[in-house]
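Protein chains: 2
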Amino acid sequence: MSKSITLSIDAMGGDKAPDMVVEGMELALQELSATRFILYGRSEQLMPLLAKYPRVARNCELRHTDDVVSGDEKPGVALRSGRQSSMRKAIDAVGAGEADGVVSAGNTGALMAMAKFVLKTLPGIDRPAIASLLPTMRGESVMLDLGANIQCDAENLVQFAVMGEVFARHVLHIDKPSIGILNVGTEVLKGNDSVKQAAAILKETHLPIHFYGFVEGDDIGAGTVDVIVTDGFTGNVALKTLEGTAKMFADGLKQEFRKNWGRKLGALFALPAINSFRTRFDPRRYNGAMFLGLGGICVKSHGGTDALGFCHAIKVAHELVQDRLNDGIKEDYARFSSEHHVIPEILEEDS
Amino acid sequence: MSKSITLSIDAMGGDKAPDMVVEGMELALQELSATRFILYGRSEQLMPLLAKYPRVARNCELRHTDDVVSGDEKPGVALRSGRQSSMRKAIDAVGAGEADGVVSAGNTGALMAMAKFVLKTLPGIDRPAIASLLPTMRGESVMLDLGANIQCDAENLVQFAVMGEVFARHVLHIDKPSIGILNVGTEVLKGNDSVKQAAAILKETHLPIHFYGFVEGDDIGAGTVDVIVTDGFTGNVALKTLEGTAKMFADGLKQEFRKNWGRKLGALFALPAINSFRTRFDPRRYNGAMFLGLGGICVKSHGGTDALGFCHAIKVAHELVQDRLNDGIKEDYARFSSEHHVIPEILEEDS
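Heads up: the sequence lines are chains A and B, in that order.
Going by the working numbering, the letters in the first sequence line up with residues 1 to 351, in that order.
Going by the working numbering, the letters in the second sequence line up with residues 352 to 702, in that order.
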């Protein structure tokens, strides 16, 4: 914890913005007291909030913006006409070197388009990916892409694998993370061309990467591998299916415990276990999706989250900056492509 | 319950076969006492089991087969060299009109290849799909395809929608089931070409079909629609992610309740609610995936299931036969394609 870290914050993104944003900053400062913020948004809304949270006010520079990117704005439109928005200005602060990373709970597509335009992609990376930590039976895994790239070829998936591997080493602190490609079966002949070709490439490399092979949907919760690689369509559906199933289970359990007085009494006795279970799988603890492969740290919070969830997204950004994740990706990717030249060779054979 | 229904059973498919198969038949007969079975498999293994379950013996004709399709056999190989296998013979019985439907817990790919070869597809259906019931917060929904078709075009998805609609009417007894296409967002511009085109076709039809639009992964558990339509890659990943998350939750809850004596005591008090919750989401209650679009009823049980799960797969097959599902699909699909001619027209415009 040597140098102070500065994060730029889009105050206007998210269903409960800007209140939950500023309250989330307050919660984050309780743990990361040396963090500095540059806060972008409508000052008439933000001034009263900063008055309410003096610690945030002390650690933050407020910069007024009128424009807000709406939740349903198309990425291309936001990119062209949102140059004065709180989201864009917050990203610009990273591009200009004023901030070390940016956090927004706004429109995902617009955030990705703007971040890609301002921060560019890292050398060797064609397309950035959205990654998130997920709870598993063994602890935590990282899954990518979660929706930035609807259609992916083998080379995209290989790039995701390398980025995910670096991420798991730097953020999950796993020495040699295992990597799996999400598929409909574990046999080599299963799946579409992209996953089969990507698996072939990852098997061929002599990099010290631990490629496990194919994994299936139920391997996500089981924690079979540390890094789950998939295209943005499948990854988005899998992540939301996981969230929906978790919600169905939590609500279903709650319903059962409320059915009659006997059960309500039973719930009282079971409370310590249920509370500990709820904390362990609290979705807010997994809030904060990382945009990997960009020339700057950009974290996307769930739009529907509350202050605790936004606080967690801030902590994710803080950790990525502190762990110098992007330097790791750059180094590893350069090593991967220069020493081995395996991607173009294999792809040429097949095409 | 007028005419007695005959089901052919592959005794050799599944991890715990043939024991769980015969025990599952016994459980099924406790409810569906008039059902008749034709049982295919190794008689030296099956004779002692039939001696143990006299009710099954009384309701079943045992036909000896030596060959077994193994779990890792490729579909094409199984199709060519498995003509004397228990799986193939059980399907042949439906093809020959001796049985009204077939149930197997064996190799999914082999079962689909053989069933398609023997039973053919229904008129107007290019590719059969795998469908299953899923628990939701509102009750039950049906999702298809779950893995038969890795890559799907718009027309395939439209055919799945029609088959799923008929299925929901006949099996879930919903008058006008709502249909959603699984996507990464609910806006019309989201997703790949297949889902966008399929949605456009379903919106254009003047059939009395209730097309809801796009749904996301978390809509599965929420029960937003009665029928969830998707390609086999995404559907398989979503189904297994759902199963894996359910398992992670159940195991996680169990762990919390076993941490110390106080919590174990708490669990005792909470037992009625927990047991009722477990019954409601018991995966065995959702065992039995239907192959839709074939010229005969074919149900695939999970390979890893036990007798209770296999019993449920038998009950699914029984219900599909009783409800004359295939006649419904044939009638509706004929109506859909002849009255409206909407599929070829729209597709031609775009190609």
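Note that the Cβ used here is the ideal one computed from N, Cα and C, for glycine as well.
(1) Measuring only the C-alpha atoms, how far is R335/A from N626/B?
(2) Count the other C-beta atoms from every protein chain shown that fall within 10 angstroms of the C-beta of H318/A, then say buried if there are 16 or more, exposed otherwise.
(3) What's the call for N587/B, buried or exposed, on a 16-neighbour Cβ count within 10 Å?
(4) I'd like to check one pair, G457/B with D361/B: are the Cβ atoms closer than 8 Å?
(5) Output needed for G446/B: all residues of its chain with C-beta closer than 7 Å, excluding positions within five of it in sequence on either side, in chain order.
(6) Taking the beta carbon of P48/A as the centre, do at least 16 other beta carbons fall within 10 Å, making it buried, or is it exposed?
(7) Give the interface partners of D657/B over in chain A, defined as CB-CB distance under 8 Å, in chain order.
(8) Mind checking whether E374/B and A624/B have CB atoms under 8 Å apart?
(9) So for G364/B, helix, strand or coil by DSSP?
(10) Within the 8 Å Cβ cut-off, does K300/A reach chain B?
(11) Give the range of the alpha helix (DSSP H) segment to which E555/B is assigned.
(12) Tell me I530/B's beta-bridge partners as DSSP assigns them.
(13) Per DSSP, Y53/A forms a beta bridge with which residues?
(14) Rounded to the nearest angstrom, how far is the Cβ of A519/B from that of D577/B, given a contact under 8 Å?
(15) Inspect the CB distances between the segment 241–258 of chain A and the segment 548–562 of chain B and report whether three or more fall short of 8 Å.
(16) Under 7 Å between beta-carbons, which chain B residues line up against R284/A? List them in chain order, please.
(17) What residues of chain A sit near F608/B, judged by a beta carbon separation below 8 Å?
(18) Return the Cβ separation of V522/B and L383/B in integer angstroms, given the expectation that the two are a contact with Cβ distance under 8 Å.
(19) Report the residue from P486/B, T472/B, C662/B and G427/B whose alpha carbon sits nearest the alpha carbon of T459/B.
(20) Three-state secondary structure (DSSP) at G41/A?
(21) Among G536/B, G655/B, R629/B and G660/B, which has the Cα closest to the Cα of G639/B?
(22) Please return the same chain residues whose Cβ sits closer than 7 Å to the Cβ of G164/A, not counting the five positions on each side in sequence.
(23) Just verifying my parser: in three-state terms, what is the DSSP assignment at K651/B?
(24) So what's I501/B in DSSP terms, helix, strand or just coil?
(25) Could you name the residues of the same chain whose beta carbon sits closer than 7 Å to that of R406/B, not counting the 5 residues immediately before and after it, in chain order?
(26) Can you pull the chain B neighbours of A148/A, defined as C-beta to C-beta under 9 Å?
(27) With a threshold of 8 Å on Cβ separation, who are the neighbours of A99/A within its own chain once the five nearest residues in sequence on each side are excluded?
(28) The alpha helix (DSSP H) spanning M488/B covers which residue range?
(29) Where does D219/A sit, in a helix, a strand or coil, going by DSSP?
(30) So, under 8 Å CB-CB, A461/B and G433/B are touching, yes? Tell me the CB distance rounded to an integer number of Å.
(31) In the segment 492–520 of chain B, which residues sit with their C-beta less than 7 Å from some C-beta in chain A, listed in chain order?
(32) Quick check: is the beta carbon of E567/B nearer than 8 Å to any beta carbon in chain A?
(33) Contact check, V672/B vs M641/B under 8 Å by CB: the rounded distance?
(34) Going by CA-CA distance only, name the one from R631/B, L590/B and L616/B that's closest to H653/B.
(35) Roughly how far, in whole angstroms, is the beta-carbon of G536/B from the beta-carbon of F562/B, given that I think they are within contact range, below 8 Å?
The answer reads as follows:
(1) Numbered from its first residue, the first sequence carries residue 335/A at position 335. Numbered from its first residue, the second sequence carries residue 626/B at position 275. Computed Cα separation, rounded: 54 Å.
(2) If you number the first sequence from 1, residue 318/A lands on position 318. Result: buried.
(3) Here residue 587/B corresponds to residue number 236 of the second sequence, with the count starting at 1. Residue burial annotation: N587/B is buried, with at least 16 other C-beta atoms found within 10 angstroms of its C-beta.
(4) For the purposes of this step, residue 361/B is taken as the residue at position 10 of the second sequence. For the purposes of this step, residue 457/B is taken as the residue at position 106 of the second sequence. Cβ distance < 8 Å, so D361/B and G457/B count as in contact.
(5) If you number the second sequence from 1, residue 446/B lands on position 95. Same-chain partners within the cutoff: V469, L470 and G647.
(6) Indexing the first sequence from 1 puts residue 48/A at position 48. By the 16-neighbour rule on beta-carbons within 10 angstroms, P48/A is exposed.
(7) Against the second sequence, residue 657/B aligns to sequence position 306. The contacting residues do not exist; D657/B stays about 17 Å from chain A at best.
(8) For the purposes of this step, residue 374/B is taken as the residue at position 23 of the second sequence. For the purposes of this step, residue 624/B is taken as the residue at position 273 of the second sequence. No, the pair does not count as a contact, with Cβ atoms beyond the cut-off.
(9) What you label residue 364/B is simply residue 13 of the second sequence in a count that begins at 1. The answer is coil: DSSP assigns G364/B none of H, G, I, E or B.
(10) Taking the first residue of the first sequence as 1, we reach residue 300/A at position 300. For K300/A, the closest Cβ of chain B is not nearer than 8 Å.
(11) By one-based count along the second sequence, residue 555/B stands at place 204. Segment D544 to E555, the alpha helix (DSSP H) holding E555/B.
(12) Indexing the second sequence from 1 puts residue 530/B at position 179. BP columns for I530/B point to F562/B and V578/B.
(13) Position 53 of the first sequence, counted from the start, is the residue given in the question as residue 53/A. Partner(s): none; Y53/A has no beta bridge.
(14) Taking the first residue of the second sequence as 1, we reach residue 519/B at position 168. Taking the first residue of the second sequence as 1, we reach residue 577/B at position 226. Right, their Cβ atoms sit about 5 Å apart.
(15) With a cut-off of 8 Å, the segment 548–562 of chain B and the segment 241–258 of chain A do not count as touching, because too few Cβ pairs lie within range.
(16) By 1-based counting over the first sequence, the position of residue 284/A is 284. Listed along chain B, no residue sits closer than 7 Å to R284/A by beta-carbon distance, the nearest being about 16 Å off.
(17) Residue numbering aside, residue 608/B sits at position 257 when the second sequence is read from its first letter. Simply A270 and A273.
(18) If you number the second sequence from 1, residue 522/B lands on position 171. If you number the second sequence from 1, residue 383/B lands on position 32. Actually they are not in contact, since the Cβ atoms of V522/B and L383/B sit about 16 Å apart, beyond 8 Å.
(19) Numbered from 1 along the second sequence, position 108 holds the residue referred to as residue 459/B. Nearest C-alpha to T459/B: G427/B.
(20) To locate residue 41/A, count along the first sequence from 1; it is residue 41. Reduced to three states, the DSSP call for G41/A is strand.
(21) Within the second sequence, residue 639/B is the residue found at index 288, counting from 1. Here the closest residue by C-alpha is G660/B.
(22) Within the first sequence, the letter at position 164 stands for residue 164/A. Its chain contains A131, V142, L144, I179, V227 and V229 as the residues whose beta carbon lies nearer than 7 Å to that of G164/A, once the 5 sequence neighbours on both sides are disregarded; these appear in chain order.
(23) What you label residue 651/B is simply residue 300 of the second sequence in a count that begins at 1. Correct three-state label for K651/B: strand.
(24) Locating residue 501/B in the second sequence gives position 150, where the first residue counts as 1. Reduced to three states, the DSSP call for I501/B is coil.
(25) Within the second sequence, numbered from 1, the residue matching residue 406/B stands at position 55. Taking C-beta separations shorter than 7 Å and ignoring five residues to either side along the sequence, the partners of R406/B in its chain run E377 and L380, following chain order.
(26) Numbered from its first residue, the first sequence carries residue 148/A at position 148. Neighbours of A148/A on chain B: none; closest Cβ ~10 Å, over 9 Å.
(27) Residue numbering aside, residue 99/A sits at position 99 when the first sequence is read from its first letter. Within the same chain, Cβ atoms closer than 8 Å to the Cβ of A99/A are found at T6, L7, S8, I38, A90 and A93, the five residues on either side in sequence being excluded.
(28) Taking the second sequence and counting its residues from 1, one reaches residue 488/B at position 137. No alpha helix (DSSP H) holds M488/B; DSSP gives it neither H nor E.
(29) Sequence index remark: in the first sequence, residue 219/A carries index 219 (1-based). DSSP places D219/A in helix when its eight states are reduced to three.
(30) Sequence index remark: in the second sequence, residue 461/B carries index 110 (1-based). Sequence index remark: in the second sequence, residue 433/B carries index 82 (1-based). Contact holds; Cβ gap of about 7 Å.
(31) Cβ contacts with chain A: G498, I501 and Q502.
(32) In the second sequence, counting from the first residue as 1, residue 567/B sits at position 216. Taking CB atoms only, E567/B has a neighbour in chain A less than 8 Å away.
(33) Numbered from its first residue, the second sequence carries residue 672/B at position 321. Numbered from its first residue, the second sequence carries residue 641/B at position 290. Not really, about 11 Å apart at Cβ, beyond 8 Å.
(34) Mapped onto the second sequence, residue 653/B falls at position 302. The option with the nearest alpha carbon to H653/B is L590/B.
(35) By one-based count along the second sequence, residue 536/B stands at place 185. By one-based count along the second sequence, residue 562/B stands at place 211. With 8 Å as the limit, G536/B and F562/B do not qualify as a contact, their Cβ atoms being about 17 Å apart.
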